[in-house]
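Trainee: Everything in the sequence shown is counted per the working numbering, starting at 31 for the first residue and increasing by one.
Pasting a structure below so you can have a look.
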Amino acid sequence: MSDHQNPRSPKIFAPVGVVCPQCTSPMVLRVSRQGPTPGVHFFGCVKFPVCYGTRSIEDVKG
Ligand SMILES: [Zn+2]
């Protein structure tokens, strides 16, 4: 199975102040493609896969 990312897909950054809980880097919007909830949006660390920090959209919305 090929798992390459589309190089044309733009990064959508999280709002200012929303940073990775593990390394405080900026976060980008991602969509889960596997696991129990495929298609769910969440924010993931820009350093992924070096850093696996994530935050849920609901967490950010407050
Ligand atoms: Zn991080």
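Beta carbons are placed, not taken as given, at the ideal position from N, Cα and C, and that holds for glycine.
If you're wondering where the values come from, they're calculated on a predicted model, not measured in any experiment.
For C50, which residues in the same chain have their Cβ closer than 7 angstroms to its Cβ, ignoring the five residues on either side in sequence?
Mentor: M57, C75, C81, G83
Trainee: Which of helix, strand or coil does DSSP assign to V76?
Mentor: Collapsing the DSSP output to three states places V76 in coil.
Trainee: Put V70 into one of helix, strand or coil per three-state DSSP.
Mentor: coil
Trainee: Just mark F73 as buried or exposed, buried being the case when its beta carbon has 16 or more other beta carbons within 10 Å.
Mentor: buried
Trainee: Beta strand (DSSP E) containing V58: first to last residue?
Mentor: 57 to 61
Trainee: Within this structure, are the beta carbons of S55 and K77 separated by less than 7 angstroms?
Mentor: yes
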